[in-house]
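A quick write-up on the structure given underneath.
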Amino acid sequence: MCPVTGFFITTRGREGPMLCHLCASTITLYILWTTMAQVSGQEDKEKTTALKDLLSRIDLDELMKKDEPPFTFPKTLEEFEYAFDENGQLRHINTGERFVFNAREDLHRWNQKRYEALGEIITQYVYKLLEDQCKLKKEVIPVDASDGEPTSFIYMSTDALTNPSKLLILIQGSGVVRAGQWARRLIINQDLNSGTQIPFIERAMEDGYGVMVLNPNENFFEKEKPAKFSPIPSPTEPTDEPAEKRERKDDKEGKKKKEFYEKYRNPQKETETERIPIRGSGSSEEHVLYVWDHFVSKALAKNVFIVAHSYGGLSFVELINQRENQVKNKVCAVALTDSSHNIWLQDTSKGTQDWMHQNCQNWVSSPEPLDTPLDSMLPDCPRLSAGTERHELTSWMSFRSIFKFFSEALKAKEDEEQEETSNTVTTRSSSHKNKHQDL
Numbered sequence: 001m002c003p004v005t006g007f008f009i010t011t012r013g014r015e016g017p018m019l020c021h022l023c024a025s026t027i028t029l030y031i032l033w034t035t036m037a038q039v040s041g042q043e044d045k046e047k048t049t050a051l052k053d054l055l056s057r058i059d060l061d062e063l064m065k066k067d068e069p070p071f072t073f074p075k076t077l078e079e080f081e082y083a084f085d086e087n088g089q090l091r092h093i094n095t096g097e098r099f100v101f102n103a104r105e106d107l108h109r110w111n112q113k114r115y116e117a118l119g120e121i122i123t124q125y126v127y128k129l130l131e132d133q134c135k136l137k138k139e140v141i142p143v144d145a146s147d148g149e150p151t152s153f154i155y156m157s158t159d160a161l162t163n164p165s166k167l168l169i170l171i172q173g174s175g176v177v178r179a180g181q182w183a184r185r186l187i188i189n190q191d192l193n194s195g196t197q198i199p200f201i202e203r204a205m206e207d208g209y210g211v212m213v214l215n216p217n218e219n220f221f222e223k224e225k226p227a228k229f230s231p232i233p234s235p236t237e238p239t240d241e242p243a244e245k246r247e248r249k250d251d252k253e254g255k256k257k258k259e260f261y262e263k264y265r266n267p268q269k270e271t272e273t274e275r276i277p278i279r280g281s282g283s284s285e286e287h288v289l290y291v292w293d294h295f296v297s298k299a300l301a302k303n304v305f306i307v308a309h310s311y312g313g314l315s316f317v318e319l320i321n322q323r324e325n326q327v328k329n330k331v332c333a334v335a336l337t338d339s340s341h342n343i344w345l346q347d348t349s350k351g352t353q354d355w356m357h358q359n360c361q362n363w364v365s366s367p368e369p370l371d372t373p374l375d376s377m378l379p380d381c382p383r384l385s386a387g388t389e390r391h392e393l394t395s396w397m398s399f400r401s402i403f404k405f406f407s408e409a410l411k412a413k414e415d416e417e418q419e420e421t422s423n424t425v426t427t428r429s430s431s432h433k434n435k436h437q438d439l
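Residue numbering for the sequence shown follows the UniProt record's numbering, starting at 1 and increasing by one per position.
As structure tokens, then:
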């Protein structure tokens with residue numbers, strides 16, 4: 001009887017226990033399957049190795065550039081056939097449709113370059129709005145720049161340095177956005193109000209603020225690199241192969257390489273540039289500090305207010321770390337919007353944390369209704385919901401709440417100063433009365 005199946009035994013193995021026909025067949029099939037699997041595995045391994053070798057020879061970046069149109073794009077909105085309508089929305093002048101990113105299918109790099117070209121036009125368009133609509137003036141920095149030195153600039157209202165009462169400073173986040181912008185994406189895909197700082201500027205000027213618009217992402221001057229000349233190739237090592245045969249072989253290999261690179265080559269070369277840092281604006285933090293030292297600290301305004309979005313919040317915290325006493329004496333209130341600062345990583349003092357808790361509020365992206373108090377993850381400033389889950393929209397969505405916060409902060413400061421003045425007068429009067437009685 002078979003010890004495995006319990007069937008009556010009809011065969012006996014040469015060694016070991018006797019097995020039935022079923023077990024013997026099963027073992028034979030198992031050995032055959034294992035052997036085939038090993039052979040198949042070896043073949044698959046060889047195929048995989050060959051495929052990896054093939055892929056390593058293909059430049060995927062070059063492959064994606066196949067049949068790519070030249071990077072030549074319009075220089076104006078009109079040439080792009082787009083314009084902003086009465087609602088501040090970017091629309092196609094013929095169809096009235098929104099901007100379409102994928103102008104050409106399967107050409108992501110070209111579409112991205114086209115989007116960036118439009119973005120540069122938008123930047124100049126916003127500059128013009130700041131100058132013509134908001135009546136701001138451009139101030140070049142560094143203030144003592146020499147001829148030919150790379151420079152940047154900020155925008156200021158005519159009374160930014162002379163307004164004795166209030167000054168508003170606007171600081172955007174990092175990236176491609178320049179002076180006057182919160183988010184390029186919003187300007188292109190939504191409207192000017194949500195994507196630019198213009199509503200903040202106009203509201204501030206209506207309420208009697210001087211205004212200063214910073215430009216923390218203009219950090220470098222880009223200069224085109226000179227063209228590189230390839231060195232003359234050195235002669236190949238001599239071989240024992242006949243010259244005629246070697247020439248035929250070289251021609252054949254050269255033809256194959258040419259066909260391959262002609263098929264997958266990049267039809268245009270991107271211009272290579274080198275970056276020259278702008279003195280005083282090599283980074284967002286450096287820019288904010290420079291503007292404070294050369295402009296804000298010299299302004300007559302008794303009360304400075306700051307709106308800082310995203311990385312701009314980090315730059316503000318770095319400013320207060322560097323100029324703690326000046327900031328505490330001059331700044332009345334700070335509105336942060338989805339700020340990326342971190343008081344621990346930025347090594348902020350306990351005194352600064354306490355000051356921020358009293359004078360700052362951070363409107364963050366959240367599904368909760370606008371101004372809903374949220375748990376603070378760090379012991380610095382209170383966190384409130386901006387009424388949106390979109391990071392880039394937090395400044396616009398909290399627009400009215402920010403100016404309300406500023407008004408309340410100013411009133412509280414004025415009430416406190418009035419109370420201190422009243423107490424001082426009372427104390428002096430009492431002291432004078434006591435002296436009179438003594439006499």
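Glycine is no exception: its CB is placed at the ideal position from the N, C-alpha and C atoms.
Fair warning: this is a prediction, and the values are worked out from it, not measured in the lab.
Residue environment, residue i, which counts as buried when at least 16 other CB atoms sit within 10 Å
i, result
"W344", "exposed"
"H287", "buried"
"residue 440", "Any question about residue 440 goes unanswered here, given that the chain covers just 1 to 439."
"L170", "buried"
"S194", "buried"
"H108", "exposed"
"Q172", "buried"
"N102", "exposed"
"T158", "exposed"
"N423", "exposed"
"M377", "exposed"
"R104", "exposed"
Cβ-based neighbour list, residue i, same chain, cut-off 7 Å, excluding 5 preceding and 5 following
i, result
"E219", "Note that residue 219 is Asn in the sequence shown here, rather than Glu. Same-chain partners within the cutoff: P277, I278, S281, G282, S283."
"S365", "D338, A386, T388, E389, R390, H391, T394"
"N204", "According to the sequence displayed, residue 204 carries Ala and not Asn. Closer than 7 Å at the Cβ level, and outside the excluded window around A204, lie L168, V211."
"N87", "D191"
"E419", "none"
"G119", "V176, R184"
"K328", "W355"
Of the listed residues the options, nearest to residue i (C-alpha basis)
i, options, result
"S174", "A183, E272, F221", "A183"
"R91", "D191, N111, K135, T151", "D191"
"I122", "Q181, K135, G96", "Q181"
"R98", "S422, M377, A179, L186", "L186"
"P226", "R109, V211, Q418, T273", "T273"
"A333", "A83, A145, K302", "K302"
"S297", "E414, F405, L161, F406", "L161"
"residue 520", "I201, V304, E78, D147", "Residue 520 is absent from the structure shown; the chain starts at 1 and stops at 439."
"A335", "N342, R275, S398", "S398"
Three-way DSSP call (helix, strand, coil) for residue i in this model
i, result
"I343", "coil"
"S349", "coil"
"L167", "strand"
"A333", "strand"
"residue 508", "Absent from the model: residue 508. The displayed extent of the chain is 1 to 439, so no value can be given."
"Y209", "coil"
"V296", "helix"
"T196", "strand"
"I141", "strand"
"W363", "strand"
"K223", "strand"
Contacts around residue i, its chain only, beta-carbon distance under 6 Å, and the 5 residues preceding and following it disregarded
i, result
"P382", "Q361"
"V143", "H294"
"S310", "G173, D338, S340"
Chain-order list of residues whose beta-carbon lies under 8 Å from that of residue i (same chain, five-residue window excluded)
i, result
"V140", "T151, S152, F153"
"T421", "none"
"P369", "S385, G387"
"F260", "Annotation note: pLDDT 47 at F260 (below 50); position unreliable, coordinate value reported separately. Nothing listed; no residue qualifies."
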